[in-house]
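Q: Under this note's numbering, read the sequence shown as residues 127 to 362, first letter to last. There's a structure below that I have some questions on.
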Amino acid sequence: MEVFGSKRELEAAVADLIVDVGETAIAERGRFCVVLAGGQTPREAYRLLARDPRCTALPWKDVFVFFGDERCVPPDDDRSNYKMAKDTFLDAVRIPPHNVHRIRGEIEPSAAALAYRKLLVDDIGDPPRFDLVLLGLGEDGHTASLFPGEDPLLDDAALVRATTRPENGTFRVTLTPRAINAARYVSFVVAGAAKAAALKAVRHAHYDPAKVPAQVVAPTDGELCWLADEAAVMGT
Ligand code: 6PG
127 MEVFGSKREL EAAVADLIVD VGETAIAERG RFCVVLAGGQ TPREAYRLLA RDPRCTALPW
187 KDVFVFFGDE RCVPPDDDRS NYKMAKDTFL DAVRIPPHNV HRIRGEIEPS AAALAYRKLL
247 VDDIGDPPRF DLVLLGLGED GHTASLFPGE DPLLDDAALV RATTRPENGT FRVTLTPRAI
307 NAARYVSFVV AGAAKAAALK AVRHAHYDPA KVPAQVVAPT DGELCWLADE AAVMGT
């Protein structure tokens, strides 16, 4: 695990990770397929991608953006993970619009999941081997939209599935562990004291993915890294 003294340092490290993995992927394979995390934690890291020097570090025409999960809301809704990425950096960098593959939160969730699965399989493969998957961590140990109380490996071969957030019943679409774990590089990004208990549980508690879904993240042929600030690890 890499621990940073402040959230600001963590954010810079996440932005640099995206650029570094992107440069390698483009050099080796001609394109960079990256899965973005949603939520609040990665916002500032994404904003850094829109500013010098990082905004010109990657040939954006070779960068292909995907999402680990999405809230089932329209793309212009402030709750949309796509909108968060669009507002923080996608609109500011010279990435061709057709390189950004959002999950269609505005349509029926299972239809959105099927459509996204088809896009991933047709474009990358089954399972899709992303170059980088960024993941957040919920205080309850969830990641993407793999929530406690349901076996995160349910329907794993589907690569993408519709689900609901237990605490409020809102509909979500999420990558399954099979899609996440096929990646070359998976990085959790965790910040804040509120995440300390979840971080400790994921890394040290008895393996019980129905209780701590983030425990299912274990790349089959890739690297897993944890980027956290001191506040998130103080209590572990
Ligand atoms: C989402 C995310 C979710 C998020 C965690 C952490 O759609 O909200 O995919 O998995 O990464 O809930 O969220 P914060 O970064 O806002 O704490």
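From the three backbone atoms N, C-alpha and C, an ideal C-beta is built for every residue, glycine too.
Using the rule of at least 16 other Cβ atoms within 10 Å of the residue's Cβ for burial, across every protein chain shown, is ARG287 buried or exposed?
A: Residue 287 sits at position 161 when you count from the first residue of the sequence shown. Under this definition ARG287 is a buried residue.
Q: For GLN341, does the count of other Cβ atoms within 10 angstroms reach 16, so buried, or fall short, so exposed?
A: Residue 341 sits at position 215 when you count from the first residue of the sequence shown. Buried.
Q: Among PRO278, ARG310, GLY262, which has the Cα closest to the Cα of PRO254?
A: By one-based count along the sequence shown, residue 254 stands at place 128. Nearest C-alpha to PRO254: ARG310.
Q: Between the C-alpha atoms of LEU260 and GLY231, what's the straight-line distance to the nearest angstrom?
A: Looking up residue 260 in the sequence shown gives position 134. Looking up residue 231 in the sequence shown gives position 105. Straight-line Cα distance between these residues: approximately 20 Å.
Q: Whole-angstrom Cβ separation of LEU258 and VAL160, contact assumed at under 8 Å?
A: Translated into positions along the sequence shown, residue 258 becomes position 132. Translated into positions along the sequence shown, residue 160 becomes position 34. About 5 Å; that satisfies the 8 Å criterion.
Q: Rounding to the nearest angstrom, what Cα-Cα distance links PRO222 and TRP186 in this structure?
A: Locating residue 222 in the sequence shown gives position 96, where the first residue counts as 1. Locating residue 186 in the sequence shown gives position 60, where the first residue counts as 1. Cα-Cα distance, rounded: 7 Å.
Q: Check whether the Cβ atoms of PRO274 and ALA336 sit closer than 8 Å, and answer yes or no.
A: Residue 274 sits at position 148 when you count from the first residue of the sequence shown. Residue 336 sits at position 210 when you count from the first residue of the sequence shown. A contact, by the Cβ cut-off of 8 Å.
Q: Nearest by alpha-carbon distance to HIS227: which of SER132, ASP195, ARG205, LEU136 is it?
A: The residue labelled residue 227 in the question sits at position 101 within the sequence shown. Answer by Cα proximity: ASP195.
Q: Could you name the residues that DSSP lists as bridge partners for ALA371?
A: The chain is shown from 127 up to 362; residue 371 falls before or after that span and cannot be answered.
Q: Just curious, the beta strand (DSSP E) that VAL147 is in, first and last residue?
A: Residue 147 sits at position 21 when you count from the first residue of the sequence shown. Taken as a continuous stretch (DSSP letters only), VAL147 belongs to no beta strand (DSSP E), being part of the alpha helix (DSSP H) at 133-155.
Q: Where HIS332 and ALA354 are concerned, what is the direct C-alpha to C-alpha distance, given to the nearest angstrom?
A: Taking the first residue of the sequence shown as 1, we reach residue 332 at position 206. Taking the first residue of the sequence shown as 1, we reach residue 354 at position 228. Those two C-alpha atoms are separated by around 21 Å.
Q: Under the assumption that VAL147 contacts ALA183 (Cβ atoms under 8 Å), give the Cβ distance between them as a whole number of angstroms.
A: Residue numbering aside, residue 147 sits at position 21 when the sequence shown is read from its first letter. Residue numbering aside, residue 183 sits at position 57 when the sequence shown is read from its first letter. No, VAL147 and ALA183 are not in contact; Cβ-Cβ is about 12 Å, not under 8 Å.
Q: Start and end of the beta strand (DSSP E) containing ALA288?
A: Locating residue 288 in the sequence shown gives position 162, counting from the first residue. 286-291 is the span of the beta strand (DSSP E), which, as asked, contains ALA288.
Q: Along the chain, which unbroken stretches of the alpha helix (DSSP H) at least 4 residues long are found entirely within the region 164-240?
A: Correct list: 169-175, 207-211.
Q: Once the 5 residues before and after LEU325 are set aside, which same chain residues still bring their CB inside 7 Å of it?
A: Here residue 325 is taken as the residue at index 199 of the sequence shown, counted from 1. LEU263, VAL316, ALA354, ALA358, VAL359, THR362.
Q: Using the C-alpha atoms, what's the distance from PHE158 back to ASP202?
A: Counted from its first residue, the sequence shown places residue 202 at position 76. Counted from its first residue, the sequence shown places residue 158 at position 32. Their Cα atoms are separated by approximately 26 Å.
Q: Once you ignore the five residues that flank ASP266 on each side, which residues in its own chain have a CB closer than 6 Å to its CB?
A: Indexing the sequence shown from 1 puts residue 266 at position 140. Cβ neighbours of ASP266 beyond the five flanking positions: PRO274.
Q: Kindly examine ligand 1 and report whether one of its heavy atoms sits closer than 7 Å to the Cβ of ASP203.
A: Against the sequence shown, residue 203 aligns to sequence position 77. No, Cβ of ASP203 sits at least 7 Å from all heavy atoms of ligand 1.
Q: Sorted by chain position, which residues of the same chain lie with C-beta nearer than 7 Å to ARG220's C-beta, five sequence neighbours on each side aside?
A: As a first step, residue 220 must be located in the sequence shown, where it is residue number 94. Taken in chain order, the residues that qualify are TRP186.
Q: Taking the Cβ atom as the reference point for each residue, do PHE193 and TYR208 lie within a distance shorter than 8 Å?
A: By 1-based counting over the sequence shown, the position of residue 193 is 67. By 1-based counting over the sequence shown, the position of residue 208 is 82. Yes, Cβ-Cβ distance for PHE193 and TYR208 is below 8 Å.
Q: Nearer than 7 Å: is that true of the beta carbon of THR269 relative to any heavy atom of ligand 1?
A: Position 143 of the sequence shown holds residue 269. Answer for THR269: yes, Cβ within range of ligand 1.
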